[in-house]
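In what follows, a structure is listed as structure tokens, so that the remarks can point back to it.
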Amino acid sequence: MATYLYKAIDANGKRIKGQLEANNPQDVELRLQKMDLEPIVYKPVNTAKISFIKSRVTRKDLIAFTFHMEQLIKAGVPILETLTDLRDSLPQNSGLKPVATGLIEEIEGGKNFSGALENFPKIFNKIYISTVKVGEESGNLHHVLFELAEMLKWQEKIAAQAKKMMMYPIIAGTVISGVVLFLMIYLVPQLVTFLKSTGNEIPPATQALIATSDFISTYWYIIIPTPIVLAIALKISHSRSEYMRYVIDDAILHLPLFGSLTHKLKIARFTKYFALMYESGITVLDTLNMSKSVVNNVVIEQSIERARNQISQGETISNSFKNVGMFPPFVTRMMGIGETGGSLDTALNNVCEFYTREANDTIDKIEPMIVPILTVVLASILGWIMYAVIGPIYDVISKLS
1 MATYLYKAID ANGKRIKGQL EANNPQDVEL RLQKMDLEPI VYKPVNTAKI SFIKSRVTRK
61 DLIAFTFHME QLIKAGVPIL ETLTDLRDSL PQNSGLKPVA TGLIEEIEGG KNFSGALENF
121 PKIFNKIYIS TVKVGEESGN LHHVLFELAE MLKWQEKIAA QAKKMMMYPI IAGTVISGVV
181 LFLMIYLVPQ LVTFLKSTGN EIPPATQALI ATSDFISTYW YIIIPTPIVL AIALKISHSR
241 SEYMRYVIDD AILHLPLFGS LTHKLKIARF TKYFALMYES GITVLDTLNM SKSVVNNVVI
301 EQSIERARNQ ISQGETISNS FKNVGMFPPF VTRMMGIGET GGSLDTALNN VCEFYTREAN
361 DTIDKIEPMI VPILTVVLAS ILGWIMYAVI GPIYDVISKL S
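Per my numbering, the sequence shown starts with residue 1, numbered consecutively.
Written out as structure tokens, the structure reads:
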């Protein structure tokens with residue numbers, strides 16, 4: 001199946017644009033008609049360009065989709081009717097509408113629900129699909145969907161907290177940088193011109209300020225884009241070089257304040273997925289093989305892979321994770337208790353809850369520290385500028401008096 005971009009008109013005469021998966025142009029028209037859309041124009045998208053098209057299906061959309069499916073399937077509504085109800089209830093500009101349409105067509109063509117999900121790998125990851133597949137085979141699909149919805153809601157909550165914590169430093173840092181650039185490029189040169197015109201000796205602090213101002217005024221076009229270029233370079237290196245990915249991910253885990261927080265969140269995320277898949281009936285080796293990817297940190301991924309290799313050779317789960325040295329004693333101890341008592345999923349969920357609380361406590365401690373630190377930084381910069389400029393001006397005024 002290929003990805004097509006389309007422009008169409010809905011039943012109200014409103015222009016709609018989006019993308020969908022289809023086998024050929026005739027299939028595109030058929031799918032648009034089922035969505036009550038009149039096609040204007042559509043064209044296939046080059047596979048190389050698809051990766052640059054941002055999916056319109058957000059995590060919140062996926063939560064709503066999963067919850068909707070769980071509720072109706074639990075009530076005994078067949079999957080095909082459930083998807084049809086979902087599709088008809090979605091607005092025309094929803095990213096899920098073409099997805100629901102595609103799933104309906106795949107199921108009508110003979111596939112089961114998990115098989116239909118496989119046609120949308122950018123929206124439903126391997127863990128989601130594998131868990132649904134196990135739920136179908138065990139006849140416990142509604143419970144699996146409920147657990148998936150809960151897990152996605154947990155992810156959304158954690159992501160929102162992390163975003164909130166990072167938003168203020170980014171905004172404050174941008175404001176501070178803007179103020180400093182304004183002072184150095186516009187204000188300081190004018191004051192320096194005045195000081196030089198007095199013919200008095202310029203003190204060392206003022207000379208340092210002049211040198212800094214001259215440097216920023218001369219090379220501002222290099223200084224301003226440097227952080228952006230550096231961030232892009234690190235991102236490219238992280239995605240293309242295995243060595244650089246390891247170096248960057250390892251550095252992230254050792255950052256002051258944020259390194260510990262990142263580690264706790266990664267452990268919570270991993271144990272959450274591990275517990276969900278293990279409870280669903282997926283084997284431990286398959287669970288570890290899939291869940292290692294959710295941590296999005298190659299250092300931790302390699303540790304999980306080493307633990308998996310030890311388990312495949314007959315070692316216990318708790319000892320395997322203890323041997324790799326990446327997971328705190330509390331994690332391995334809880335794994336051991338879960339193994340012995342036959343309740344590994346419960347033990348893993350307890351670990352997730354513990355580290356989620358720990359992460360929340362860390363965020364609550366870091367947030368109040370950010371404002372004073374940034375205030376001290378800004379005050380120090382402004383204090384230096386005031387000392388370097390106002391001091392000599394005061395001397396000139398004193399001599400004139």
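The beta-carbon is built from N, C-alpha and C at its ideal position, and this holds for glycine as well.
Check for me: the alpha helix (DSSP H) holding residue i runs from which residue to which?
i, result
"Y221", "204-223"
"I79", "79-89"
"A231", "226-240"
"Y186", "It is not in any alpha helix (DSSP H) - Y186 carries neither H nor E in the DSSP assignment."
"E339", "329-341"
"R59", "59-74"
"R31", "25-34"
"N12", "From DSSP, N12 is part of no alpha helix (DSSP H); its letter is neither H nor E."
"N140", "Run containing N140: none; DSSP gives neither H nor E here."
"N200", "From DSSP, N200 is part of no alpha helix (DSSP H); its letter is neither H nor E."
If you draw a straight line from the C-alpha of residue i to the C-alpha of residue j, how long is it?
i, j, result
"T101", "N24", "15 Å"
"K43", "Y4", "5 Å"
"A160", "I176", "25 Å"
"S94", "A116", "19 Å"
"P121", "V376", "47 Å"
"S312", "D286", "11 Å"
"G325", "S303", "8 Å"
"N12", "I40", "15 Å"
"G173", "D395", "34 Å"
"L382", "L230", "27 Å"
"L257", "H238", "22 Å"
"A347", "G314", "21 Å"
"H142", "I73", "6 Å"
"H263", "E137", "35 Å"
"L191", "I397", "14 Å"
"V144", "L344", "17 Å"
"Y168", "E367", "9 Å"
"S320", "N309", "8 Å"
"K54", "T206", "Below a pLDDT of 50, predicted positions are generally treated as unreliable, and K54, at 42, falls in that range; the measurement from the model is reported next regardless. So the alpha carbons of these two residues sit roughly 50 Å apart."
"P189", "R357", "51 Å"
"L253", "P225", "27 Å"
"N200", "F194", "11 Å"
"I158", "G259", "16 Å"
"I393", "A208", "16 Å"
"L86", "I63", "13 Å"
"V134", "F113", "11 Å"
"G18", "L265", "34 Å"
Can you name the start and end residues of the beta strand (DSSP E) that residue i belongs to?
i, result
"I40", "38-44"
"K7", "2-9"
"G18", "15-22"
For residue i, which residues from the same chain have a beta carbon less than 6 Å from its beta carbon, with the 5 sequence-adjacent residues on both sides left out?
i, result
"P372", "none"
"T47", "Summary for T47: the model assigns pLDDT 45, below 50, so the residue's position carries little reliability; its value from the coordinates is reported in the next sentence. Answer for T47: no residue qualifies."
"M184", "S213, I216"
"I363", "Q161, M165"
"F354", "none"
"I267", "Y355"
Please work out which residues of its chain come closer than 8 Å, Cβ to Cβ, to residue i, disregarding the five sequence neighbours upstream and downstream, and give them in chain order.
i, result
"Y243", "none"
"K49", "Only weak support exists for where K49 lies, its pLDDT of 43 falling under 50; the coordinates are left without a value."
"D61", "S94, G95, L96"
"N360", "Q161"
"W384", "A205, L209"
Can you list, in chain order, the residues of its chain whose CB lies under 7 Å from that of residue i, leaving out five sequence neighbours each side?
i, result
"E38", "A8, I9"
"E305", "K292"
"F124", "L117"
"T271", "L348, V351, C352"
"S318", "T332, M335, G336, E339"
"A22", "M1, A2, Y4, V28, R31"
"R59", "L152, Q155, E156"
"N119", "M1, E21, G102, E106"
"I223", "I216"
"F52", "Note on F52: pLDDT 38, under 50, position unreliable in the model; the coordinate value appears next. Counting only Cβ-Cβ distances below 7 Å, and skipping sequence neighbours, we find nothing."
Taking 7 Å as the cut-off, is the C-beta of residue i nearer than that to any heavy atom in the ligand SAH?
i, result
"I337", "What this structure holds is no ligand at all, so the ligand SAH is not there to describe."
Subject >> Contiguous alpha helix (DSSP H) assignments of at least 4 residues, all confined to the region 93-126 >> reply: DSSP runs (the alpha helix (DSSP H)) wholly in the region 93-126: 96-108, 113-117.
**OP:** Only counting runs of 4 or more residues, tell me where the alpha helix (DSSP H) segments fall wholly within the region 253-309, in order along the chain.
**Re:** Within the region 253-309, the alpha helix (DSSP H) runs of at least 4 residues that lie entirely inside it are, in chain order, 258-280, 284-291.
Subject >> Runs of beta strand (DSSP E) wholly within the region 342-370 (minimum 3 residues, chain order) >> reply: Qualifying beta strand (DSSP E) stretches: none in this window.
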